[in-house]
Amino acid sequence: MRATLFLLKKIRQYDKSMIAMIVFFSLLSAVYPFIWVYVPMRIIRLSELPAENFSEAGTQLTLLLAAAAVVSMTCAWSLAFLRGNYRMRMNNVRYRLIRDLMRYSLTMPYENTLNKEKLDAIQKAREAVKNPWNGAGGLILTLLQVFGTGIAAVGFISVFISLSFWLMLFVAAVILSNLFINRKVGDLEQSEWDGLMPELRKLDHLFSEQQDPSGRKDILSYSLYGLFKAYIDRYFQNIRLIQQSVIRRKFSWQTALAAVDFVKDAVLYGWLIRLFLAGTIDAALFFFYGSSVVAFVALAQQLMADITKIRQDARHFSDFMALDTEADAIASDGTSGLILPRTEKGVLVEIKNVSFRYPGTERWVLRHLNLTIRRGEKMALVGENGSGKTTLILLLSRLYRPVEGEILFDGINIRELSESSFRSNLSVVFQDAMILPFSIRENIAMSPDTDEKRLYEAMDNASFSSVAETCTQGVDTTLLRILDDNGVDLSGGERQKLFLARALYKGKSRLLLLDEPTAALDPLAEQELYRHYHEMTSGQTSLFVSHRLASTQFCDRVAFLSEGRVAELGSHSELIARDGLYRGLYDLQAKNYREGIAE
Amino acid sequence: MKHLLTVIRMICRFQRGYAWRLAAASLVTGAAPLVNIILPRRMIDELLGGRDIRRLILLAALLALGNLAAMLLDRMLTNRLTTMTTLAYAHMQQIVSEKALRIPLADSESKRVLDLGERVHFGIYSLHNLDATVKKLGGSAVSLLSVIAIVLSGSPVLALLILALNLPSLYCLKKLKHLDADNVERSASEERAFKYYASLSIDYRYSKDLKLYDGLSLMMTRAEKNMQQILRVNHQYFTKSGFWLGIIGSLVEIQSVVVFAFLGIRLLLSRLTVGAFTMLYGASRQMGRALNNLMDSANELMTSDMYLKPLVEYLNLPEQQDIRQDSAEGRTPPGTDHERRSGAPAPAVPFFAAEGDDDVQKCVREAFKGHLEWEVKDLSFRYPSGHVFVLDHCSLRIHSGERVALVGTNGAGKSTLVKLLCRYYEQQEGVITLNGVDIRRIPLELYGALLSPTFQDYHLFPFQMIENVAAVKAENMSEDKRDKAIHALDKLGLTAWVRSLKHGVHTHHSETLAEDGVLPSGGEGQKMALARSLAHAGPFVIMDEPTAALDPRSEEEIFRQMLALSEQKTSLFISHRLSSTRYADRILVIENGHVIEEGSHAELIALSGLYAAMYRAQASQYT
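First to last, the protein sequences are chains A and B. The numbering of the first sequence is the numbering used here, which starts it at 1 and goes up by one. The numbering of the second sequence is the numbering used here, which starts it at 1 and goes up by one.
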């Protein structure tokens with residue numbers, strides 16, 4: 001119920017005319033079923049008039065048919081038109097709900113992505129608006145017709161009451177048993193669907209994995225097709241088993257339903273015949289009540305189906321509602337919070353006693369980590385895979401929240417900073433950054449508008465200009481071919497240059513975090529980056545994460561991370577002199593080069 | 001209707017009994033209303049005439065029984081048809097995804113094919129109510145014929161009148177069909193884009209950058225613009241189609257009015273009995289309804305046909321080659337008998353179909369024995385959308401048993417060369433030969449067995465860990481395969497990690513298919529990919545930057561493994577860490593799409609060219 005009201009609120013918000021359409025449609029569809037039950041009855045009545053009244057009967061017939069023509073055509077045209085138009089509006093509302101959901105998942109705190117329940121909730125909300133027939137779509141569509149059907153049903157009920165209370169009671173009993181059995185069938189179908197859904201979804205996943213061009217190489221090279229097939233066959237088998245288990249039970253209920261209808265037909269006609277023979281009703285009424293019952297049963301079934309559907313879809317849609325209410329809360333929380341004072345120098349970063357572990361896991365990725373990065377300092381962060389470097393970057397980016405401890409920028413806990421102030425002070429190149437299927441320009445500026453001068457400067461500094469030049473339309477070339485047939489894909493190294501340009505374009509930031517920005521760069525490009533690193537990052541505090549330990553030489557200090565804490569800290573030469581973990585790793589990497597030169 | 005028929009024929013092939021059930025259901029649907037048209041007439045006539053109670057009871061019983069039988073038959077048939085349709089829907093998807101694997105990679109990445117793929121999904125989706133529509137068509141045809149007979153028996157004029165009144169509907173339906181076609185044409189690409197934006201928003205790999213760089217407005221503006229476009233197209237479509245649908249509805253009403261005028265007058269003139277009046281009225285109404293349903297369902301089927309056109313088109317797209325025998329088998333998806341067969345593991349070393357040419361046979365046989373002599377001659381390639389030749393008259397050789405390193409700056413064409421060697425793309429010019437045979441002549445499946453490639457952007461699939469390595473389903477895995485896979489995991493130092501997982505080697509990769517699945521970290525994933533390559537045991541090993549994401553210790557470790565892996569094998573590897581190239585027998589330096597230097601490490605250092613510059617640039621950081 002709450003979900004239905006919520007949806008009505010959304011409908012009112014996005015398209016008020018739909019409410020009027022529902023009202024109008026209900027009125028027309030309430031009248032419509034009576035027309036062709038009533039008119040024949042009247043005509044039969046006319047035929048019962050004595051033969052001398054023929055001309056009067058003729059006039060009445062003409063009038064009757066003229067009225068019927070006007071009413072029925074108005075109804076028929078309007079109902080069809082409204083249905084189509086309303087359906088379109090339903091889709092429009094649905095698209096808007098999808099858009100709202102998009103905004104929601106893009107703005108929610110990144111740490112939510114660690115929360116499986118949250119991700120499931122989003123997935124469910126998506127399902128609730130995904131297709132036009134279920135969830136939001138189904139609910140909106142059914143709302144259009146349910147009221148009219150209800151009113152018409154009430155109309156028929158009053159007709160029956162006028163005839164006989166017992167007949168009414170009988171029809172009610174038939175309807176109730178219909179309702180009961182239909183619900184049983186519905187439950188069975190639901191349980192079948194609940195069983196089928198996961199299997200179909202798994203199949204869907206496998207099919208889209210096979211259709212996704214990015215995994216094609218691996219499937220082809222390793223003949224993974226057979227493996228896919230084996231899984232697919234198994235899921236097909238499961239589907240068949242589920243269907244078989246349901247189909248028989250379903251049919252026994254349907255048999256019961258047919259039996260009830262059989263009793264209904266027999267009793268009803270018996271009754272009418274008796275009334276007629278007793279002289280209570282004439283042929284016209286015989287016809288009228290006979291066809292009324294048929295029409296009423298159909299209506300009642302429709303009504304029950306609609307109500308079931310509404311309940312189902314509303315339940316389905318409440319998944320969306322659960323999320324969206326929160327979305328409003330997020331939207332309101334944008335610029336509130338403290339603002340970092342702008343200075344020409346970089347940020348002073350203090351990491352105090354920070355611990356972090358991923359939700360639902362035992363292992364501490366970072367444990368009581370303490371580290372201060374001085375104003376304007378170039379610091380390198382090194383360590384083995386899994387030592388917590390990337391996690392630290394995510395914590396500094398405020399994408400994750402420390403489980404214990406705090407992180408201060410210029411003495412202020414970053415949690416207290418306003419979103420806009422925080423973002424404007426920070427640039428990050430993430431290790432697993434992605435390119436968007438938009439133009440190069442948009443990929444760098446990450447905004448529909450760009451500052452030309454800054455764009456070219458950033459591209460130059462990131463050595464990306466030469467890449468852009470080889471593209472047909474320069475910076476306006478679309479990347480990837482997903483949305484544009486003339487799109488261009490970039491190699492790993494080119495992508496890294498683009499991401500660096502993205503970070504540099506941001507310009508005014510005072511803290512630069514780089515996570516493995518050179519992994520895919522060729523040696524010359526790498527050296528180029530190192531050479532210009534200082535001038536590129538002037539006025540910024542920077543943290544450079546790299547597996548290439550040579551990159552540490554141009555940094556002021558090196559922090560060596562091991563098992564979630566800073567194991568060694570100092571300049572490159574200090575750490576070399578110390579002969580510890582850092583030295584060990586460095587020598588390992590340097591060895592080959594030394595030998596290579598010696599040869 | 002030919003696309004629809006093609007698809008129905010495909011469905012019938014794996015859903016035995018689909019066709020006759022559809023026909024039977026149509027018959028039942030068509031005949032059922034007759035009971036309620038003929039019998040009440042008898043009843044009314046009897047009431048107004050003989051008033052014989054026994055006859056009346058008999059008639060009422062017949063009516064009730066007729067309805068009972070019709071309903072039971074209909075439910076029985078429909079239940080089966082519904083389950084079959086669900087399966088047919090999934091099977092069609094399976095056929096499409098198998099097809100997708102056979103389309104050349106260069107094509108399947110293009111917007112044209114991606115758009116077509118989106119329309120294919122529309123088409124498959126339209127199969128959801130195929131059974132209902134066909135039933136409606138068949139039912140209304142049956143119903144129409146019998147009702148026409150009834151109306152004709154009462155009044156031939158009336159029958160003609162009804163037919164004439166339905167002619168304008170045909171025109172409206174034609175209009176509607178055009179509108180549908182136009183709508184599909186216009187919205188497919190937009191809708192795919194919108195769906196894509198929606199999926200981007202929950203692909204959280206994008207959200208870090210979108211957040212920190214305020215990319216929200218960029219994404220939302222794009223999506224909004226796209227959405228508005230969809231709404232506009234929708235609005236036009238539904239307004240117009242609503243209008244025409246309304247006209248059709250009104251025509252039905254006009255028909256009723258005319259029928260009533262006709263029958264009413266005759267009733268008043270006592271030319272008809274009341275019973276005949278109700279029957280003819282019922283029959284006319286049914287006739288109108290049946291005509292409408294007929295046209296409507298025919299229209300729907302034509303629309304389906306139109307929706308299915310992309311599907312047929314997609315299935316007819318040019319294929320790279322007959323990829324593998326078992327996928328041809330897959331074209332008739334798991335029906336009945338070959339279910340058992342499909343599970344069986346493929347033969348470890350594939351043997352030739354008889355049609356293979358002698359020289360190709362010889363070449364492959366030698367290759368499996370470990371003799372691989374590669375030559376790349378004058379190879380040129382550009383990406384379908386690119387205007388620059390990424391490879392430009394590139395020539396090189398790789399000798400049997402040699403370990404070759406490929407070096408070059410970013411964008412020089414290294415990875416592209418590898419992709420061509422793997423035959424993911426096809427060159428515009430030039431030729432690659434293996435043991436003197438153009439590789440394009442070697443059946444792809446055999447060719448795949450020769451190669452063991454590993455890439456930086458490897459893909460692992462949501463199967464069990466060991467299945468990912470062995471490429472065979474666990475139940476069907478031979479001892480030998482299993483040992484090889486476990487050995488490979490061990491070799492790459494993954495044993496301890498895999499053991500720590502809940503189901504050991506049988507733990508699923510990712511949660512897609514199993515709730516307790518696990519996603520490996522970057523390093524572990526990369527090692528898994530290498531293990532897969534090791535277990536695959538192709539005699540030609542290719543590695544494209546497999547260590548870029550690893551720390552120095554893992555790198556060193558993997559590098560040792562790579563050396564071991566390529567021991568006594570012909571191998572090609574790409575790395576930007578030139579410390580590793582030293583171990584290559586020969587180094588090829590690529591620049592601007594062709595080889596500019598080649599030789600051993602010492603030779604190239606002495607040459608003082610690009611390689612030396614690159615090497616010194618990197619080495620200088622370590623001295």
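In this text, a Cβ means the ideal position worked out from N, Cα and C, and glycines have one as well. Please read these numbers as outputs of a predicted model, since none were measured by experiment.
### Query
Leaving out the 5 sequence neighbours to the left and right, which residues in its chain are closer than 6 Å to ILE373/A when beta-carbon positions are compared?
VAL349, MET379, THR541
### Task
On the DSSP bridge assignment, give the partners of MET626/B in chain order.
There is no way to answer for residue 626/B, as the model of chain B reaches only from 1 to 623.
### Query
Over what stretch of residues does the beta strand (DSSP E) that includes SER601/A continue unbroken?
The displayed coordinates of chain A run from 1 to 599. Any statement about residue 601/A would go beyond what the structure contains.
### Message
Distance check for ALA471/B and SER97/B, CA to CA, integer angstroms please.
### Response
18 Å
### Message
Do VAL589/B and GLY624/B count as a contact pair if the criterion is CB distance below 8 Å?
### Response
It is not possible to answer for residue 624/B, since the shown part of chain B is limited to 1 through 623.
### Task
Please report how far the alpha carbon of CYS75/A lies from the alpha carbon of LEU28/A, in whole angstroms.
6 Å
### Message
Below 8 Å on the Cβ atoms is my contact criterion, and I expect GLU366/B with THR570/B to pass it. Report the Cβ-Cβ distance as a whole number of Å.
### Response
At roughly 12 Å, the Cβ-Cβ gap does not stay under 8 Å, so GLU366/B and THR570/B are not in contact.
#### Entry: Coil, strand or helix - ASP378/B by DSSP
strand
### Task
Give the C-beta separation of ILE181/A and ALA266/A to the nearest angstrom, bearing in mind that I take them to be a contact with Cβ-Cβ under 8 Å.
That belief does not hold up - the Cβ atoms of ILE181/A and ALA266/A are roughly 18 Å apart, past 8 Å.
### Message
Here's a check: name, in chain order, each residue in its chain whose Cβ is nearer than 8 Å to the Cβ of GLY570/A, leaving out the five neighbours to either side.
### Response
ARG557, VAL558, ARG578
#### Entry: Per-residue contacts from GLY84/A into chain B (C-beta, under 7 Å)
PHE238, SER241, GLY242, LEU245
### Query
Is it buried or exposed for LEU188/A, if we count other Cβ within 10 angstroms and need 16 for buried?
buried
### Top-ranked residue by Cα proximity to LEU5/B, from ILE37/B, ARG75/B, THR303/B, GLY522/B
THR303/B
### Query
Hey, quick one: how far does the alpha helix (DSSP H) through LEU28/A stretch, first residue to last?
17-47
### Task
Output the residue ranges of the alpha helix (DSSP H) runs that lie fully inside the stretch 424-480 of chain A and measure 4 residues or longer, sorted by chain position.
440-445, 452-461, 465-469
### Task
Can you give me, in chain order, the residues of the stretch 339-350 of chain A that have a beta carbon less than 7 Å from any beta carbon in chain B?
none
### Task
State the start and end residues of the unbroken beta strand (DSSP E) segment that holds PHE544/A.
541-545
### Query
PHE165/A: buried (16+ other C-beta within 10 angstroms of its C-beta) or exposed?
exposed
### Task
Tell me LYS352/A's beta-bridge partners as DSSP assigns them.
GLU406/A
### Query
Would you report the Cα separation of MET71/B and VAL294/A, rounded to the nearest angstrom?
15 Å
### Message
With a threshold of 8 Å between beta-carbons, can SER332/A be considered close to chain B, or not?
### Response
In this prediction, SER332/A has a pLDDT of 48, which is less than 50 and means its spatial position is unreliable; what the coordinates show is noted afterwards. So no, SER332/A is outside the interface.
### Terminal residues of the beta strand (DSSP E) in which VAL407/B lies
403-408
### Message
The beta strand (DSSP E) that contains LYS378/A, what's its start and end?
### Response
378-383
### Task
Return no unless some Cβ of chain A is closer than 8 Å to the Cβ of PHE573/B.
no
### Query
Thinking C-beta only, is PRO523/A closer than 8 Å to ALA449/B?
no
### Partners in chain B for TRP77/A, counting only beta-carbon separations shorter than 8 Å
GLY246, ILE247, GLY249, SER250
### Message
Bridge partners for GLY593/B per DSSP, in chain order?
### Response
In DSSP, GLY593/B forms no bridge with anything.
### Residue span of the alpha helix (DSSP H) that contains ASP265/A, given as start and end
225-277
### Message
Taking only three categories from DSSP, how would you classify GLU475/B?
### Response
helix
### Task
Alpha carbon to alpha carbon, how far is SER217/B from ARG401/A? Give it in angstroms, no decimals.
25 Å
### Query
Would you report the Cα separation of TYR611/B and ARG577/B, rounded to the nearest angstrom?
12 Å
### Task
Locate the alpha helix (DSSP H) running through HIS399/B, then write down its first and last residues.
Element bounds for HIS399/B: n/a, residue is neither H nor E.
### Query
Can you find a C-beta in chain C that's less than 8 Å from the C-beta of GLU445/B?
Here the protein chains are A and B, and chain C is not one of them.
### Task
Give the straight-line distance between the Cα atoms of GLY564/A and ARG363/A, rounded to the nearest whole angstrom.
10 Å
### Task
Measure how close the beta-carbons of GLN286/B and VAL147/B come, nearest whole angstrom, since I'm counting them as under 8 Å.
5 Å
### Query
Cβ atoms of PHE251/A and ASN316/B: under 8 Å apart, would you say?
no
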